[in-house]
Each structure stands twice: as C-alpha cells, then as structure tokens.
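**Student:**
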Amino acid sequence: MSVINVSKDLDALTMTMTAEFAAPVERVWQVWENPRLLERWWGPPTHPATMVEHDLTAGGRVRYFMTSPEGDKYHGWWRILAVDPPTGLELEDGFADDAGNPIPDMPVTVMRMRLSEQPGGITRMTVDSQYATRDGMEKVIAMGVEEGMTQAVGQIDGLLAAEVSA
Amino acid sequence: MVVDHLAPELDAAAVDRLFHALADATRRDIVVSAMAGEHSVSALARRYPMSVAAVQKHVAVLERAHLVTKERRGREQIVRMNIDAIHQASRLLDAIEDLWRGRIDRIGELLAVEPEGATP
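Chains A and B supply the protein sequences, listed in that same order.
Quick note: the first sequence, position 12, residue 220 per my numbering, numbers continuous.
Quick note: the second sequence, position 44, residue 46 per my numbering, numbers continuous.
(1) Contact defined as beta carbons within less than 8 Å: I believe Q338(A) pairs with R332(A). What is the distance between those atoms, to the nearest angstrom?
(2) Could you check whether A231(A) and L113(B) sit closer than 9 Å to each other, using their CB atoms as the reference points?
(3) Give every residue of the same chain whose Cβ lies closer than 7 Å to the Cβ of F21(B), excluding the five residues on either side of it in the sequence, and list them in chain order.
(4) Report the option in R77(B), E73(B), M83(B) whose CA atom is closest to the CA atom of R30(B).
(5) Please report how far the alpha carbon of N213(A) lies from the alpha carbon of A227(A), in whole angstroms.
(6) Quick check: is the beta carbon of I109(B) nearer than 9 Å to any beta carbon in chain A?
(7) Just to confirm the assignment, what range does the beta strand (DSSP E) spanning V81(B) have?
(8) May I ask which residues mark the beginning and end of the alpha helix (DSSP H) holding L46(B)?
(9) With 9 Å set as the bound, which would you pick, yes or no: does the beta-carbon of E99(B) sit closer than that to a beta-carbon of chain A?
(10) Per DSSP, which one or two residues make a beta bridge with I288(A)?
(11) Starting from the beta carbon of A227(A), find every residue of chain B whose beta carbon is closer than 7 Å, and list them in chain order.
(12) Looking only at its own chain, which residues have a Cβ that is under 6 Å from the Cβ of V33(B), when we skip the five neighbours before and after it?
(13) Cβ atoms of R271(A) and G284(A): under 9 Å apart, would you say?
(14) Out of V335(A), G308(A), M223(A), P294(A), point me to the one whose CA is closest to Q238(A)'s CA.
(15) Measure from the C-beta of M345(A) to each C-beta in chain B and report whether the shortest distance is under 9 Å.
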C-alpha cells in the first residue's frame with residue numbers, strides 16, 4: 209500500500225521521498241537495521257546487493273557491493289552520521305573501489321531517513337537525499353532554477369514535483 | 003550509489019567534468035546566457051571583467067563538459083548551449099527517482115511477506 213510522494217527541490221538539490229507501509233515502525237526499521245533484509249531491497253533486482261560490513265552506529269561503516277547480471281561487482285559505502293533507532297538514520301552514501309575503499313572526489317549523497325507512526329498501524333518513511341561533494345550535483349540543480357532553464361528544457365518541469373500511487 | 007549504472011550515459015569521468023565545469027560562477031553564467039541564445043565569444047567577453055582569452059578558457063572547460071558547443075562563423079566563434087548535457091543531468095535525477103521507487107516497492111513487498119516481528 210506504499211503511497212509514494214516524490215518531490216525534487218531543484219534549488220537545494222534535495223529529493224524527498226515519502227512512503228507509507230502497513231507495518232509498525234519497528235518492522236520498517238528492521239529493513240535498514242538487518243543487513244539480510246537490506247540486501248533484499250537496496251539493489252535493483254538486476255543488481256542485488258551484498259552487505260559486507262554493516263555497523264549502524266554513529267561513525268560506523270557499511271560496505272556493500274552490487275552484482276550485475278554479467279557478474280561485475282559495483283562497490284559502495286555508507287558512513288553513518290547519526291542513528292536514532294527505530295526512527296532516524298543519517299548517512300553518507302558513496303562509491304568504493306574494488307577493495308571496498310571510498311573513491312575520493314566521487315559524488316557523495318547525504319541521506320536522512322525518518323520513520324513516524326501514523327494512525328491505523330501505518331508507518332511513514334521519509335528519505336531526503338542530497339548531493340554534497342564538491343558542490344557537484346547542487347551546482348547542476350542550482351542552475352536548473354535559473355530563469356530560462358525551465359523554458360529551455362521542458363522535461364525539468366516534471367522534476368519539480370511528481371506524485372504517483374504505487 | 004547505483005545511479006551511474008542506471009544512467010550509463012553519464013560515466014564517472016563525465017560527471018566529474020560536469021561538476022568541475024559548473025563549479026565556477028562565470029561558467030554557470032555563460033551557460034545560462036547560452037541557453038537564451040547564441041553568443042559570440044567576444045560578446046561574452048564584454049559581459050565580464052576579464053580578457054577574451056580568459057573567457058575562451060572558461061568556454062573550453064564548458065566544451066569539454068559538453069555543456070556548450072563552439073562553432074566558427076566568419077571571424078566570430080559562436081557559443082551555443084548543448085541541450086543534451088542538461089537533459090543528461092535531468093536524466094540523472096530521474097534515475098535516482100526511479101531507483102527509490104523500486105526500493106520502496108521492494109520494501110513494501112518485504113514487509114508484506116515477512117511474518118509479524120520476524121527478524122531473520
């Protein structure tokens with residue numbers, strides 16, 4: 209029943225996703241906290257994720273790789289910035305080399321995840337994603353709000369707000 | 003991060019060039035000007051307190067990032083916006099969104115099948 213709202217703030221280069229699940233907060237927290245459950249949703253079906261290290265404590269690391277249909281491995285890392293079980297998690301997500309070490313100068317996403325209890329046994333999950341490295345993606349987006357850009361690129365209109373039921 | 007695998011047209015080096023190109027206020031301004039229409043390098047140079055050569059350098063960085071194209075027309079060099087690059091940036095955001103929609107679907111399925119309170 210995951211009603212999803214996705215909004216993209218081109219100014220702040222933030223994407224906020226909201227989903228609701230018919231499950232208690234503690235169970236939804238488990239899909240993040242339990243690496244075996246996390247593996248079942250983090251990667252797309254074509255690129256399943258394997259969690260190599262999973263330490264959800266402030267300053268802790270998560271290391272993972274995703275495996276392509278061809279067997280190629282794509283490594284990633286999280287650095288846990290803050291954790292407040294069972295409702296809050298803040299982390300950096302970035303690229304790693306084949307040894308699982310973070311690659312410098314590659315875009316890093318900061319993610320803030322929050323869970324809140326709603327009436328009727330519903331849990332709302334909100335995930336904010338923001339690009340942080342080298343002003344990188346932020347620059348792209350900051351530019352997106354310049355007058356004229358929206359006219360130049362019709363598609364960007366659709367990025368400003370999207371709402372679907374899934 | 004799996005976005006680069008979902009938007010393969012933006013490889014890591016290309017993303018790097020794009021970020022570098024846009025990390026400068028003058029270059030961002032040149033891109034915005036180029037969106038509004040064609041400009042010659044000399045006309046652009048009159049807009050900024052810098053030499054034509056300095057503007058040339060900025061335009062070259064933008065060209066390498068495929069944000070603008072440059073074409074010689076007579077004695078002028080004409081700078082034009084490369085719409086494709088902007089589309090790529092917007093596709094990158096689309097790819098992130100698609101990725102999350104898929105994740106949310108999978109979490110929903112996971113919660114639907116796991117028995118209450120199960121922590122395998």
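Positions of the beta carbon are idealized from the N, C-alpha and C atoms, including for glycine.
Small disclaimer: the values here were computed from a predicted structure and weren't measured.
**Tutor:** By the coordinates alone:
(1) What you label residue 338(A) is simply residue 130 of the first sequence in a count that begins at 1. What you label residue 332(A) is simply residue 124 of the first sequence in a count that begins at 1. Not confirmed; about 20 Å, so no contact.
(2) Position 111 of the second sequence, counting from 1, holds the residue named residue 113(B). Position 23 of the first sequence, counting from 1, holds the residue named residue 231(A). It is a contact, given that the beta carbons lie within the stated cut-off.
(3) For this step, residue 21(B) is matched to residue 19 along the second sequence. Same-chain partners within the cutoff: there are none.
(4) Taking the second sequence and counting its residues from 1, the one referred to as residue 30(B) is at position 28. For the residues R77(B), E73(B), M83(B), the minimum Cα distance to R30(B) belongs to M83(B).
(5) Locating residue 213(A) in the first sequence gives position 5, where the first residue counts as 1. Locating residue 227(A) in the first sequence gives position 19, where the first residue counts as 1. Each residue's alpha carbon lies about 7 Å from the other.
(6) Residue numbering aside, residue 109(B) sits at position 107 when the second sequence is read from its first letter. Yes, I109(B) lies at the interface with chain A (some Cβ there is under 9 Å from its Cβ).
(7) Position 79 of the second sequence holds residue 81(B). Counting along the chain, the beta strand (DSSP E) containing V81(B) begins and ends at 78-83.
(8) Against the second sequence, residue 46(B) aligns to sequence position 44. Run containing L46(B): 43-49, per the alpha helix (DSSP H) assignment.
(9) Here residue 99(B) refers to the residue found at position 97 of the second sequence. Yes - at least one Cβ of chain A is within 9 Å of the one on E99(B).
(10) The count along the first sequence starts at 1 and reaches residue 288(A) at position 80. Answer is L299(A), bridged to I288(A).
(11) Taking the first sequence and counting its residues from 1, one reaches residue 227(A) at position 19. Here the neighbours are I106.
(12) In the second sequence, residue 33(B) corresponds to position 31, counting from 1. Taken in chain order, the residues that qualify are L69.
(13) Position 76 of the first sequence, counting from 1, holds the residue named residue 284(A). Position 63 of the first sequence, counting from 1, holds the residue named residue 271(A). Against a cut-off of 9 Å, the Cβ pair of R271(A) and G284(A) comes out as a contact.
(14) Numbered from 1 along the first sequence, position 30 holds the residue referred to as residue 238(A). Selected option, being the one with the closest Cα: P294(A).
(15) Walking along the first sequence from the start, residue 345(A) turns up at place 137. Confidence in M345(A) is poor, its pLDDT being 49 and thus under 50, which makes the residue's placement unreliable; the coordinate value appears in the next sentence. Judged by the 9 Å Cβ criterion, M345(A) is in contact with chain B.
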